[in-house]
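**Student:** Going by full-length UniProt numbering, 247 is the number at position 247 of the sequence shown; the sequence numbering is gapless. For glycine and all other residues, C-beta sits at the position ideal for the given N, C-alpha and C. First the structure, which I've put down as structure tokens, then a few questions once you've had a look.
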Amino acid sequence: MTTYADAPVPPAPPGISPGDVADASRLVSFGLQPKLLPARDAEYGELVRRYRDDPAFARLADAVGTGLGLIVLEVSPRAGMAVAAAEDSVFAVRLGDYSRRAASESTDRFLHGLAHLAVAALAFPRPEDLADDGYLGRITVNGVDTFVRQVCRRLEDRADAEGANTDPVSDAPGLEVAWRVYARRSATGATKDARRLSGSTIGIVGKAMAFLVDSGFLQKTSDDSGGTFRTTARYQLQVRDLAGSAAMSELLALGVVPVSDGSASLLPPDPTEELVADAGLPFFSRPSTEI
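Right, dumping it as structure tokens:
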């Protein structure tokens with residue numbers, strides 16, 4: 001009787017060797033190291049070149065990624081193998097860990113999500129910025145907080161104009177509910193040594209940006225304005241994927257994010273509103289290279 005152990009191993013498809021599978025898996029492993037770029041690792045750079053030049057190898061690497069629950073967004077010298085985790089992928093757990101670690105209250109977890117949404121919207125404020133592979137967005141912690149408070153003010157003005165009840169109805173859109181929570185939260189809080197409280201809105205935005213740095217999506221450039229950051233190619237790819245989401249569509253529908261026609265700018269500051277000192281509203285540039 002032939003046992004399972006004695007059964008012949010089916011041959012590999014023509015043209016695919018165990019070495020090819022190992023190389024494809026190696027490329028995916030590089031893609032899971034978000035801060036590593038092909039320019040900084042010769043093996044990584046060679047595998048990226050092979051992916052782009054060899055369609056059969058590219059299909060094999062894509063299949064390895066799919067088997068791990070990963071979506072390949074791009075493979076290029078600028079971004080390496082940029083991947084996103086599907087909802088059921090083991091690699092998607094990290095964001096869930098972040099949410100649980102960042103906040104214990106459900107309202108705070110929602111505010112952390114709002115901070116991430118605002119960072120994405122301000123990092124690439126116009127359609128052409130998101131489509132331009134050479135574009136780098138620059139954002140600040142204080143500037144993001146100021147922007148979200150501008151959104152809150154717009155929603156509050158809209159509610160007052162419509163005579164809306166101060167309490168949100170059960171079927172109100174998420175952002176219509178969130179502005180009340182965010183607007184009432186202290187921007188910096190207060191501690192004896194002047195540190196910002198983790199539950200303050202500045203603290204929440206700072207945590208969101210720190211997470212994006214650890215994920216290879218932002219690079220910190222200075223401590224100015226609560227922390228100044230620039231985007232990476234990986235983050236641009238992630239935001240492109242996010243652009244069609246319901247949450248982003250809802251934010252854009254408010255009319256306060258300058259992306260609808262590519263010509264608007266942030267709302268002018270309200271002189272009657274107390275904002276965090278040195279807000280450092282986001283600014284944008286397009287360097288010719290990314291370091």
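Note down the Cα distance separating Ala39 from Gln150, rounded to an integer number of angstroms.
**Tutor:** Here residue 39 corresponds to residue number 39 of the sequence shown, with the count starting at 1. Here residue 150 corresponds to residue number 150 of the sequence shown, with the count starting at 1. Taking the straight line from one Cα to the other gives about 40 Å.
**Student:** How close, in whole Å, do the beta carbons of Ala42 and Tyr51 come, if the pair is a contact with beta carbons under 8 Å?
**Tutor:** The residue labelled residue 42 in the question sits at position 42 within the sequence shown. The residue labelled residue 51 in the question sits at position 51 within the sequence shown. So it is not a contact: roughly 15 Å between Cβ atoms.
**Student:** Could you tell me which residues DSSP puts in a beta bridge with Gln219?
**Tutor:** As a first step, residue 219 is located in the sequence shown; it is residue number 219 there, counting from the start. Paired residue(s): Arg230.
**Student:** Per the DSSP calculation, Gly80 is bridged to which residue(s)?
**Tutor:** What you label residue 80 is simply residue 80 of the sequence shown in a count that begins at 1. Answer is Ser76, bridged to Gly80.
**Student:** Val141 to Val205, Cα distance in whole Å?
**Tutor:** Within the sequence shown, numbered from 1, the residue matching residue 141 stands at position 141. Within the sequence shown, numbered from 1, the residue matching residue 205 stands at position 205. Each residue's Cα considered, the two are about 6 Å apart.
**Student:** Determine the burial state of Gly143: buried for a count of at least 16 other Cβ atoms within 10 Å of its Cβ, exposed for fewer.
**Tutor:** As a working note, residue 143 is residue 143 in the sequence shown. Buried.
**Student:** Consider the Cβ of Gly45: report whether some Cβ of chain D lies at a distance smaller than 7 Å.
**Tutor:** Among the chains of the structure shown, chain D does not appear; only one protein chain is present.
**Student:** CA-CA distance, Ser17 and Arg234?
**Tutor:** Translated into the one-based positions of the sequence shown, residue 17 becomes position 17. Translated into the one-based positions of the sequence shown, residue 234 becomes position 234. Rounded to the nearest angstrom, the two C-alpha atoms are 30 Å apart.
**Student:** Which stretch, first to last residue, makes up the beta strand (DSSP E) that contains Arg138?
**Tutor:** Indexing the sequence shown from 1 puts residue 138 at position 138. Note, Arg138: beta strand (DSSP E), Leu136 to Thr140.
**Student:** Tell me whether the beta-carbon of Tyr44 lies closer than 7 Å to the beta-carbon of Phe57.
**Tutor:** Counting from 1 along the sequence shown, the entry for residue 44 is found at position 44. Counting from 1 along the sequence shown, the entry for residue 57 is found at position 57. Their beta carbons are not under 7 Å apart, which means Tyr44 does not touch Phe57 by this criterion.
**Student:** Could you check whether the region 127-134 touches the region 208-221, counting it as contact only if at least three pairs of C-beta atoms, one from each stretch, sit closer than 8 Å?
**Tutor:** The region 127-134, when compared against the region 208-221, does not touch it at the 8 Å Cβ threshold.
**Student:** Measuring alpha carbon to alpha carbon, tell me which residue in Ala63, Leu68, Gly80 and Leu114 is nearest Phe89.
**Tutor:** For the purposes of this step, residue 89 is taken as residue 89 along the sequence shown, with counting starting at 1. Residue identity check: residue 89 is Ser in the sequence provided, not Phe. Residue Leu68 is the option with its Cα nearest to Ser89.
**Student:** Work out the CA separation of Gly19 and Pro55 for me, nearest whole Å.
**Tutor:** Translated into positions along the sequence shown, residue 55 becomes position 55. Translated into positions along the sequence shown, residue 19 becomes position 19. Each residue's Cα considered, the two are about 16 Å apart.
**Student:** By the three-class DSSP mapping on this structure, what secondary structure does Ile16 have?
**Tutor:** The residue you call residue 16 lines up with position 16 of the sequence shown. Three-state DSSP puts Ile16 in coil, outside helix and strand.
**Student:** Checking 7 Å against the spacing of the C-beta atoms, do Ala86 and Val239 come in under that value?
**Tutor:** Along the sequence shown, read from residue 1 onward, the residue named residue 86 stands at position 86. Along the sequence shown, read from residue 1 onward, the residue named residue 239 stands at position 239. The answer is no: Cβ separation not under 7 Å.
**Student:** Looking at Gly80 and Leu111, is the spacing between their C-beta atoms short of 7 Å?
**Tutor:** The residue you call residue 111 lines up with position 111 of the sequence shown. The residue you call residue 80 lines up with position 80 of the sequence shown. Not a contact, by the Cβ cut-off of 7 Å.
**Student:** Taking the C-alpha atoms as reference points, what is the distance between Glu46 and Thr188?
**Tutor:** One-based indexing of the sequence shown puts residue 46 at position 46. One-based indexing of the sequence shown puts residue 188 at position 188. Answer to the nearest angstrom: the Cα atoms are 47 Å apart.
**Student:** Which residues bound the alpha helix (DSSP H) around Pro55?
**Tutor:** One-based indexing of the sequence shown puts residue 55 at position 55. Pro55 to Gly67 is the extent of the alpha helix (DSSP H) around Pro55.
**Student:** For Ala85, name the three-state secondary structure that DSSP assigns.
**Tutor:** Counting from one through the sequence shown, the residue named residue 85 turns up at place 85. Note: Ala85 maps to strand in three-state DSSP.
**Student:** What three-state label does DSSP hand Leu70 in the structure shown?
**Tutor:** Counting from one through the sequence shown, the residue named residue 70 turns up at place 70. In this structure, Leu70 counts as strand in the three-state DSSP scheme.
**Student:** Quick one: is the Cβ of Arg26 within less than 6 Å of any heavy atom of the ligand ZN?
**Tutor:** In the structure on display, the ligand ZN does not appear, and there are no ligands present to speak of.
**Student:** Quick check on the DSSP output: the alpha helix (DSSP H) that includes Leu212 runs from which residue to which?
**Tutor:** Taking the sequence shown and counting its residues from 1, the one referred to as residue 212 is at position 212. Note, Leu212: alpha helix (DSSP H), Thr201 to Asp214.
**Student:** How far does the alpha helix (DSSP H) with Pro127 in it extend, from its first residue to its last?
**Tutor:** For this step, residue 127 is matched to residue 127 along the sequence shown. Pro127 -> alpha helix (DSSP H) spans Pro127 to Ala131.
**Student:** So Asp145 packs on Thr231, CB below 8 Å; how close in whole Å?
**Tutor:** For the purposes of this step, residue 145 is identified with residue 145 of the sequence shown, where counting begins at 1. For the purposes of this step, residue 231 is identified with residue 231 of the sequence shown, where counting begins at 1. That belief does not hold up - the Cβ atoms of Asp145 and Thr231 are roughly 18 Å apart, past 8 Å.
**Student:** Just to confirm, are Val21 and Gly65 a CB contact at a threshold of 7 Å?
**Tutor:** In the sequence shown, residue 21 corresponds to position 21, counting from 1. In the sequence shown, residue 65 corresponds to position 65, counting from 1. Result no, Cβ atoms of Val21 and Gly65 do not sit closer than 7 Å.
**Student:** Determine the closest residue to Gly15 out of Ala210, Leu32, Pro34 and Arg59, with distance taken between C-alpha atoms.
**Tutor:** The residue you call residue 15 lines up with position 15 of the sequence shown. Measuring from the Cα of Gly15, the nearest candidate turns out to be Arg59.
**Student:** Hey, Val72 and Val83: beta-carbon distance below 7 Å or not?
**Tutor:** Looking up residue 72 in the sequence shown gives position 72. Looking up residue 83 in the sequence shown gives position 83. Result yes, Cβ atoms of Val72 and Val83 sit closer than 7 Å.
**Student:** Count the other CB atoms, across all protein chains shown, that sit within 10 Å of the CB of Gln33; report buried if there are 16 or more and exposed otherwise.
**Tutor:** To locate residue 33, count along the sequence shown from 1; it is residue 33. Its Cβ having fewer than 16 others within 10 Å, Gln33 is exposed.
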